[in-house]
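Notes follow the structure.
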């Protein structure tokens with residue numbers, strides 16, 4: 036095909052003329068996508084990924100291999116899954132990102148197992164069909180021989196029968212060889228299965244270590260972020276404490292002078308400052324409690340969780356975190372919690388990460404729209420919870436610019452973002468999607484351009 040021709044010449048010229056090779060690879064991807072040729076797209080992605088690695092363009096190589104893996108998975112093209120997952124495993128292994136390397140190694144091993152099994156099954160089926168055809172041919176030959184026996188009479192019976200027996204003997208020998216081949220192939224399949232089982236056992240032996248490493252890395256990032264946020268209320272406490280000290284000195288001077296009106300005014304300022312100190316002290320206390328909660332060892336077990344409290348906690352955490360980075364940032368926050376929900380079984384840390392990501396995205400959307408200086412626009416974020424017969428529904432809504440229709444179908448794909456380069460933060464919608472699915476729930480999006488976006492999480496209520 037034209038697509039195969041393009042990536043063939045891309046491989047040929049990849050060393051001598053990289054720019055020309057790149058053009059061939061891109062043309063191959065374009066032709067495959069235009070013709071909806073998922074197989075060709077997957078094959079071209081694998082070779083283009085290798086080319087990009089040689090050019091030291093690792094991020095681009097990752098994106099290309101993932102696109103090829105998605106195309107192969109949609110088609111059920113096992114060879115494409117094996118090739119692209121192998122490249123992703125090698126890249127993440129070099130980057131020492133063990134969790135991602137393990138993920139794509141698992142995909143590669145499973146695909147190889149499926150591919151090996153499918154190939155052997157096809158061979159056995161083909162051999163069986165061939166034997167059936169030989170049997171039918173034998174039957175036909177037998178009938179012809181019987182007819183010839185009746186025609187040629189008794190004189191030719193012995194010769195025809197002898198010929199038939201020789202023919203039958205030879206066919207039996209061929210059948211015996213075919214059966215031996217089938218047995219040999221079966222032994223090979225069993226041997227491969229044993230090897231794969233050993234590989235799986237090795238993978239399982241390291242899985243717990245990889246999971247623990249990932250949890251520790253996430254905990255370190257979260258702890259560092261919360262510790263950073265504590266600095267903001269502590270600064271308020273320290274500053275107002277110093278101001279109150281100066282005001283109390285002035286208060287004593289005014290009282291000595293008998294200026295009661297000035298003294299009362301200073302006293303009122305001290306009281307107001309003390310209220311602010313108390314407010315920010317409670318805020319720091321809430322952040323510390325949150326940090327201690329996340330510091331607990333999480334074994335991934337579900338436990339009864341107050342969803343309303345979790346939503347409120349992460350809404351405040353997200354808002355204060357953004358305010359700490361940008362003092363000019365401001366938004367109206369609305370909540371409507373269904374108090375009949377009670378507690379539901381979740382991994383609270385994981386659902387909290389999903390909520391934090393969605394709320395951060397919502398604040399980002401309204402802040403970007405606010406920068407357009409639209410008359411009468413008021414940045415607003417709302418979180419609603421609702422209990423149905425067997426589900427709990429959480430809605431995170433904003434009145435930002437919305438998501439373009441062209442991007443709506445891609446937002447849950449890995450590494451896809453509508454934000455400018457370098458500004459993508461948080462959990463990521465792809466990981467949020469995986470966490471909600473792991474809880475047996477669903478996550479959907481409703482959006483209108485220039486009007487806003489609503490993310491809807493549905494969790495099982497049991």
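In the numbering used here, the protein residues as written are 36 to 497. Note that CB positions come from ideal geometry on N, CA and C, so glycine has one too. Please read all numbers here as calculations on a predicted model, not as lab measurements.
**Request:** Mind listing, in chain order, the continuous alpha helix (DSSP H) runs of no fewer than 4 residues lying wholly within the stretch 349 to 421?
**Result:** 383 to 405
**Asked** CA-CA distance, residue 476 and residue 420?
**Response** The residue you call residue 476 lines up with position 441 of the chain shown. The residue you call residue 420 lines up with position 385 of the chain shown. Spanning the two alpha carbons is a distance of roughly 15 Å.
**Beta bridge counterpart(s) of residue 26 as assigned by DSSP** = Residue 26 falls outside the range modelled here, since the chain spans only 36 to 497, and no answer is possible.
**Asked** Can you pull the DSSP bridge partners for residue 427?
**Response** Here residue 427 is taken as the residue at index 392 of the chain shown, counted from 1. Paired residue(s): 422 and 494.
**Asked** Rounded to whole angstroms, how far is the Cβ of residue 422 from the Cβ of residue 376, which I believe are closer than 8 Å?
**Response** Looking up residue 422 in the chain shown gives position 387. Looking up residue 376 in the chain shown gives position 341. Confirmed, Cβ separation roughly 5 Å.
**Item:** Residues bridged to residue 30 (per DSSP)
**Value:** Residue coverage of the chain in this structure runs from 36 to 497, which leaves residue 30 outside it and unanswerable.
**Request:** Would you kindly report the start and end of the unbroken alpha helix (DSSP H) that includes residue 49?
**Result:** Numbered from 1 along the chain shown, position 14 holds the residue referred to as residue 49. Residue 49 -> no alpha helix (DSSP H), and no H or E assigned at all.
**Asked** When the Cα of residue 64 is compared with those of 229, 114, 105 and 77, which residue comes out closest?
**Response** If you number the chain shown from 1, residue 64 lands on position 29. The candidate whose alpha carbon is nearest that of residue 64 is 77.
**residue 280 versus residue 400: straight-line alpha-carbon distance, rounded** = Translated into positions along the chain shown, residue 280 becomes position 245. Translated into positions along the chain shown, residue 400 becomes position 365. Taking the straight line from one Cα to the other gives about 42 Å.
**Three-state class that DSSP yields for residue 433 in the structure shown** = In the chain shown, counting from the first residue as 1, residue 433 sits at position 398. Strand.
**Asked** Between residue 136 and residue 119, is the Cβ-Cβ spacing less than 8 Å?
**Response** Sequence index remark: in the chain shown, residue 136 carries index 101 (1-based). Sequence index remark: in the chain shown, residue 119 carries index 84 (1-based). For residue 136 and residue 119, no; Cβs fall outside 8 Å.
**Prompt:** From what residue to what residue does the alpha helix (DSSP H) around residue 446 run?
**Reply:** The residue you call residue 446 lines up with position 411 of the chain shown. Run containing residue 446: none; DSSP gives neither H nor E here.
**Prompt:** From residue 330 to residue 125, what does the alpha carbon distance come to, in whole angstroms?
**Reply:** Counting from 1 along the chain shown, the entry for residue 330 is found at position 295. Counting from 1 along the chain shown, the entry for residue 125 is found at position 90. Because residue 330 carries a pLDDT of 47, less than 50, the predicted location of this residue cannot be relied on, and no value is offered for it.
**Among 293, 318, 277 and 292, the one whose alpha carbon lies nearest that of residue 304** = Locating residue 304 in the chain shown gives position 269, where the first residue counts as 1. When each option's Cα is compared against that of residue 304, the closest is 277.
**Request:** Could you tell me whether the Cβ of residue 354 comes closer than 8 Å to any Cβ of chain D?
**Result:** The chain inventory of the structure shown lacks chain D, comprising one protein chain alone.
**Request:** Compare the Cα-Cα distances from residue 397 to each of 428, 349, 425 and 359 and report the closest residue.
**Result:** Here residue 397 is taken as the residue at index 362 of the chain shown, counted from 1. The residue with the shortest Cα to Cα distance from residue 397 is 349.
**Item:** Classification of residue 284 by the beta-carbon crowding that lies within 10 angstroms, buried from 16 upward
**Value:** To locate residue 284, count along the chain shown from 1; it is residue 249. It is exposed - the Cβ of residue 284 has fewer than 16 other Cβ atoms within 10 Å.
**Prompt:** How is the alpha helix (DSSP H) around residue 108 delimited, first residue to last?
**Reply:** One-based indexing of the chain shown puts residue 108 at position 73. Looking at the DSSP string, the run of the alpha helix (DSSP H) that includes residue 108 is 93 to 110.
**Asked** Which same chain residues, not among the five before or five after residue 112, have their C-beta less than 6 Å away from its C-beta?
**Response** For the purposes of this step, residue 112 is taken as the residue at position 77 of the chain shown. Closer than 6 Å at Cβ, skipping near neighbours: 74 and 77.
**Asked** Are residue 346 and residue 416 close, meaning C-beta to C-beta below 8 Å?
**Response** The residue you call residue 346 lines up with position 311 of the chain shown. The residue you call residue 416 lines up with position 381 of the chain shown. No. Outside cutoff.
**Request:** For residue 121, name the three-state secondary structure that DSSP assigns.
**Result:** The count along the chain shown starts at 1 and reaches residue 121 at position 86. In this structure, residue 121 counts as helix in the three-state DSSP scheme.
**Prompt:** Which word fits residue 296, buried or exposed, when buried means at least 16 other C-beta atoms lie within 10 angstroms of its C-beta?
**Reply:** Position 261 of the chain shown holds residue 296. The residue is exposed, with fewer than 16 neighbouring Cβ atoms inside 10 Å.
**Request:** Grab me the residues of residue 55's own chain with a C-beta within less than 6 Å of its C-beta, minus the 5 sequence neighbours each way, in chain order.
**Result:** Here residue 55 refers to the residue found at position 20 of the chain shown. Taken in chain order, the residues that qualify are 48.
**Message:** One question on the structure: do residue 382 and residue 467 come within less than 8 Å of each other, judged by their Cβ atoms?
**Reply:** Translated into the one-based positions of the chain shown, residue 382 becomes position 347. Translated into the one-based positions of the chain shown, residue 467 becomes position 432. Result no, Cβ atoms of residue 382 and residue 467 do not sit closer than 8 Å.
**Request:** Taking all protein chains shown into account, decide if residue 332 is buried (16 or more other Cβ within 10 angstroms of its Cβ) or exposed.
**Result:** Position 297 of the chain shown, counted from the first residue, corresponds to residue 332. For residue 332, the predicted structure reports a pLDDT of 42, less than 50, and the residue's modelled location is therefore unreliable. A value from the coordinates is still provided. Exposed.
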